[in-house]
Amino acid sequence: MMKKLSGNDKKRYSFKGTFRNYQARVLADAEIHLADNRVHIVAAPGSGKTILGLELIFRIGEPALVLSPTLSIRNQWKQRFTESFTDNQNADDIVSTSLKDIKFITSITYQTLHSALNKLSSCRAINSKDSEEGDTDSENNESGQDVLNQWDDLCDNEDYNNFEILKAIKKAGVKTICLDEAHHLRLEWQKSLENFLSKLDKDYKIIALTATPPYDANKYEWDKYISVCGEIDDEIFVPELVKEKNLCYHQDYIYFNYPGQHELNAIYEFDARIDRFVDELFNEGLLYRLANENLVFKDPDKYLDICFDDEEDFIGFLNLLDYSSEYIPADIISIFLSQNNRIPVDAGFQFILNHKELFNEDLYDTIIKKLKEAKLIERNKVRIIFDKKINNLMIQSVGKLQSIKEICNAEFNAMGNNLRMLILGDYIRKNYLNDIGTENSFTQIGIVPIFETVRRSLGTSAKIGVLTGSLIILPEITLNEIRSIAEKNGVSFKCTQIIEGYVIIDNVNKSSAMVSIITGAFQMGLIEILIGTKSLLGEGWDSPNINSLILASFVGSYVLSNQMRGRAIRIDPIYKDKSANIWHLVTVNPPHLFKNKLMSGEKSWFGDPLSGSNDFITLKRRFKTFVGPHYSKNSIENGIERIDIITPPFDKEGFNRINNIMLQLAADREGMAQKWKKALGEETNNKKANYEMQKQVRIKKKKIPEIRFINHLNSIFVTASLLIYYYVLRSIVFRSIFTGNPMFLLSGFVAANVQLAFSIKSKVFFARITSPKRRLKIQSEAILKTFIYMGVIKSEDVKVKVESNGIDDFITISLVGGTAHEKEIFAAALKEMAAPIQRQKYLLIHKSKKKIKKYLLATPCPELIARRREYVDFLQKEFKRKMLPYDVIHTRNAEGREILLKVRKLSLKSIDTALSECIERFVSK
Numbered sequence: 066m067m068k069k070l071s072g073n074d075k076k077r078y079s080f081k082g083t084f085r086n087y088q089a090r091v092l093a094d095a096e097i098h099l100a101d102n103r104v105h106i107v108a109a110p111g112s113g114k115t116i117l118g119l120e121l122i123f124r125i126g127e128p129a130l131v132l133s134p135t136l137s138i139r140n141q142w143k144q145r146f147t148e149s150f151t152d153n154q155n156a157d158d159i160v161s162t163s164l165k166d167i168k169f170i171t172s173i174t175y176q177t178l179h180s181a182l183n184k185l186s187s188c189r190a191i192n193s194k195d196s197e198e199g200d201t202d203s204e205n206n207e208s209g210q211d212v213l214n215q216w217d218d219l220c221d222n223e224d225y226n227n228f229e230i231l232k233a234i235k236k237a238g239v240k241t242i243c244l245d246e247a248h249h250l251r252l253e254w255q256k257s258l259e260n261f262l263s264k265l266d267k268d269y270k271i272i273a274l275t276a277t278p279p280y281d282a283n284k285y286e287w288d289k290y291i292s293v294c295g296e297i298d299d300e301i302f303v304p305e306l307v308k309e310k311n312l313c314y315h316q317d318y319i320y321f322n323y324p325g326q327h328e329l330n331a332i333y334e335f336d337a338r339i340d341r342f343v344d345e346l347f348n349e350g351l352l353y354r355l356a357n358e359n360l361v362f363k364d365p366d367k368y369l370d371i372c373f374d375d376e377e378d379f380i381g382f383l384n385l386l387d388y389s390s391e392y393i394p395a396d397i398i399s400i401f402l403s404q405n406n407r408i409p410v411d412a413g414f415q416f417i418l419n420h421k422e423l424f425n426e427d428l429y430d431t432i433i434k435k436l437k438e439a440k441l442i443e444r445n446k447v448r449i450i451f452d453k454k455i456n457n458l459m460i461q462s463v464g465k466l467q468s469i470k471e472i473c474n475a476e477f478n479a480m481g482n483n484l485r486m487l488i489l490g491d492y493i494r495k496n497y498l499n500d501i502g503t504e505n506s507f508t509q510i511g512i513v514p515i516f517e518t519v520r521r522s523l524g525t526s527a528k529i530g531v532l533t534g535s536l537i538i539l540p541e542i543t544l545n546e547i548r549s550i551a552e553k554n555g556v557s558f559k560c561t562q563i564i565e566g567y568v569i570i571d572n573v574n575k576s577s578a579m580v581s582i583i584t585g586a587f588q589m590g591l592i593e594i595l596i597g598t599k600s601l602l603g604e605g606w607d608s609p610n611i612n613s614l615i616l617a618s619f620v621g622s623y624v625l626s627n628q629m630r631g632r633a634i635r636i637d638p639i640y641k642d643k644s645a646n647i648w649h650l651v652t653v654n655p656p657h658l659f660k661n662k663l664m665s666g667e668k669s670w671f672g673d674p675l676s677g678s679n680d681f682i683t684l685k686r687r688f689k690t691f692v693g694p695h696y697s698k699n700s701i702e703n704g705i706e707r708i709d710i711i712t713p714p715f716d717k718e719g720f721n722r723i724n725n726i727m728l729q730l731a732a733d734r735e736g737m738a739q740k741w742k743k744a745l746g747e748e749t750n751n752k753k754a755n756y757e758m759q760k761q762v763r764i765k766k767k768k769i770p771e772i773r774f775i776n777h778l779n780s781i782f783v784t785a786s787l788l789i790y791y792y793v794l795r796s797i798v799f800r801s802i803f804t805g806n807p808m809f810l811l812s813g814f815v816a817a818n819v820q821l822a823f824s825i826k827s828k829v830f831f832a833r834i835t836s837p838k839r840r841l842k843i844q845s846e847a848i849l850k851t852f853i854y855m856g857v858i859k860s861e862d863v864k865v866k867v868e869s870n871g872i873d874d875f876i877t878i879s880l881v882g883g884t885a886h887e888k889e890i891f892a893a894a895l896k897e898m899a900a901p902i903q904r905q906k907y908l909l910i911h912k913s914k915k916k917i918k919k920y921l922l923a924t925p926c927p928e929l930i931a932r933r934r935e936y937v938d939f940l941q942k943e944f945k946r947k948m949l950p951y952d953v954i955h956t957r958n959a960e961g962r963e964i965l966l967k968v969r970k971l972s973l974k975s976i977d978t979a980l981s982e983c984i985e986r987f988v989s990k
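Going letter by letter, the sequence shown gives residues 66 to 990 in our numbering.
Spelled out as structure tokens, the structure:
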């Protein structure tokens, strides 16, 4: 068995630098967090989480197995140890990257663990399906070095056929498991990890480190993640790193483009196919039959539960019938279409596909047959908007080349030779090499088309380079200097001029070393615009002097996009005042793009060009993890809403206006830095403030005429009562004096005070239910106390903060203190309570004794609390304590269902339903 580290070893292999403030804070609390044998730390890119992990391993003092997603990250652990714990001495005696040579620290990949546990060859075990947002079409998967490189970064070329991993781990005395980015793993990796941990002795410790925890996961996925890593113990946020000068000032910009002609032609062809399909439905009377032969309309009491369970698709079905002016029962409209009628009709056809039991068999078979003939069903999904092929064309639109050209021109004009721009793409597109130096247009985006587009625009005024696994292009003007650097590192190559000013590099004797040589040339300014593939430069590769990044990569997970963005926001040790611009490219639909009957005309449900853009929808989701300065406020937030210059009209002139403003803002790097300073409190006479990242829920105030009338009526009533009280009391006093009867005075005084108390109580109650800020404060505090009672919020000194600035119609609520996950579940519960009534298990309802509105106050019970009636009752008691007398309605029985339907009809009038959104803000406590 391997020995624990001795005192001399700990001195020899100690951290040679000084821990940053936030690192010291996390390490100081680590011993407390390890009480349950797990420490789980969320650390933003650039925070030094590898250093934290290594220090924690040494503090625990027992042999450790480190698991990473890729070989690049695996190797970083050894590299960081050598640089920071040994003064760059050889560390082979203490750090290994092979399971067959276990040392005090053994750094491997999850793929290696999977292969060893299942006794496989590491490369043979790889499953190529690995994308959060869907597989790419096979026609887009280029063979070549970059694709192989992506696979090679997972595969360690070891054969574990006869290897007993559990025996080897136990023999080496491994007691610490360090999980680097243990989320969004391939399914087989996740299963192998859970299987491996279940077979270890129970006294092992887990160190879990991640930059992007799956906060947006559902409860099942989150619980599964936490069961392995433990609850999040500490978190280091991007604004904290910027404040400590460990990340640079940075901003995100979005640049819009229309599709190229090639994509438009494909859309027109698809559009015509939709029209032929709709014509057949009309001509054969199938839409009429759908309205008159479905069982929901005939017997709603029996079948409405099915519609509630698949509500979004059912609303799409109703929109389909509404489009064709078919009859829809009034009760169905009031229940389903009063809240949301913006759901597209492809959801309606999906409802038909999924619910054969609700339609006549002949009608169902006819509709499905026609959908298949029109090629509108893919993998059991109906595609009426775009099919997968067109979605990929739009995401990889050639129109983005024009965007890249305009951004490069603007950035080079602003930065000159100080520009260090990285452009990341997905595919090389070597078939376009012959088009370099011509005026030929491109029909696909890729590394070669990007290079030629930028070269045609900037020529040799900017030094442009290409770096991929199988294609390298360098500027001739700095070729000799780059060759000199290569020769010093034992690297030789040949070059061939491809166009005046640029050469292609081939016959490299050490391909792996060429990446670091060109990276060094980029850092020295021998290359100013570097274009490369995501697979080679996206993960594990680093160049801290990047000051402009264009994400022309469209394939892969949001975790990878966050890592690519992290390349640009690192500080540059040479240029201390570095700032970075990150550019995101979005293809939008031109106005009146669609001519087919479903997506044009007065009843079109398609929406504006942004809501129909897959690019924008994906980007909106990813922006939930991107934090930066708000464009017009002095605040640091997540979410795409902080880019508040994206406003209508969304036509060609509108998008040109937005793009021009983006370019102007990007050129003002000093202005961007000032936004960070103001939001971080650096412009407040050096006064230090305690900041934290808060998850804030913004809830829109509702203005309901009936409520305002009731409020005024109640105020008049209370005022009149006070006047009556004054005159009655004065009359009683005078009459008592004249009659000389003190009992008359006492009885009159009691009666008057009872009336006064009733009036005041009435005023307080109406004020609480009709004042959004007061009501939401009561509700949010009740949720907090319920979560504490349930044990899901365990942190001490947590409190609710409710703000309303009076400028807009929003109230902001947040949980001050607590862990990131506690903030997340608190915000989610608030959003649920502010959402429209749907089919929640429990409702909290105030039944008015008067006939003004019987169910005026109706609130859904948050799902997490609704898991047990005990929790719901506790929440109800907390409301009653604050004079919000709710009744609990269980909607899964006949009586509750009847009330649910009534409440849904009134939901737009209910004072408890409102629009809400979640944002993260870095603010003072």
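Ideal placement from N, C-alpha and C gives every residue a C-beta, glycine not left out.
Buried versus exposed call for residue i [16 or more other C-beta atoms within 10 Å across all chains shown]
i      : result
Glu963 : exposed
Glu887 : buried
Gly856 : exposed
Phe335 : buried
Lys553 : exposed
Glu517 : buried
Arg444 : exposed
Met727 : buried
Local conformation of residue i per DSSP, three classes
i      : result
Ala847 : helix
Ser613 : strand
Gly490 : strand
Ala276 : coil
Val762 : strand
Phe987 : strand
Ile398 : helix
Cys473 : helix
Trp142 : helix
Tyr314 : strand
Asn322 : strand
Leu929 : coil
Lys421 : helix
Ile242 : strand
Leu132 : strand
Asp224 : strand
Any C-beta of chain B under 7 Å from that of residue i
i      : result
Leu231 : The structure shown contains no chain B; it is built from a single protein chain.
For residue j and residue i, believed in contact at Cβ under 8 Å, the rounded distance
i      : j      : result
Ile705 : Ala744 : With a Cβ gap of about 18 Å, Ile705 and Ala744 do not count as contacting.
Asn260 : Leu182 : 6 Å
Arg85  : Gly118 : Not confirmed; about 15 Å, so no contact.
Ile902 : Pro925 : 6 Å
Tyr43  : Met737 : What the structure shows of the chain is the stretch from 66 to 990, and residue 43 is not part of that stretch, so it cannot be assessed.
Ile582 : Ile538 : Not confirmed; about 14 Å, so no contact.
Boundaries (first-last residue) of the beta strand (DSSP E) holding residue i
i      : result
Thr877 : Phe875 to Val881
Glu300 : Asp299 to Ile301
Leu248 : It should be noted that the sequence gives His, not Leu, for residue 248. That residue, His248, is in no beta strand (DSSP E); it is neither H nor E in DSSP.
Gly555 : Per DSSP, Gly555 belongs to no beta strand (DSSP E) and is neither H nor E.
Limits of the unbroken alpha helix (DSSP H) element including residue i
i      : result
His649 : First-last for His649: Ser644 to Thr652, but that is the beta strand (DSSP E), not the alpha helix (DSSP H).
Ser581 : Ser576 to Met589
Glu735 : Arg734 to Ala744
Ala892 : Ala885 to Ala899
### Task
Decide if the segment 487 to 496 is in contact with the segment 708 to 716; the criterion is three or more beta carbon pairs, one per stretch, under 8 Å apart.
no
### Task
Would you check if there are 3 or more beta carbon pairs closer than 8 Å linking the segment 950 to 966 to the segment 672 to 685?
no
### Query
Using 8 Å as the Cβ pair cut-off and three pairs as the minimum, do the segment 384 to 396 and the segment 419 to 438 touch?
no
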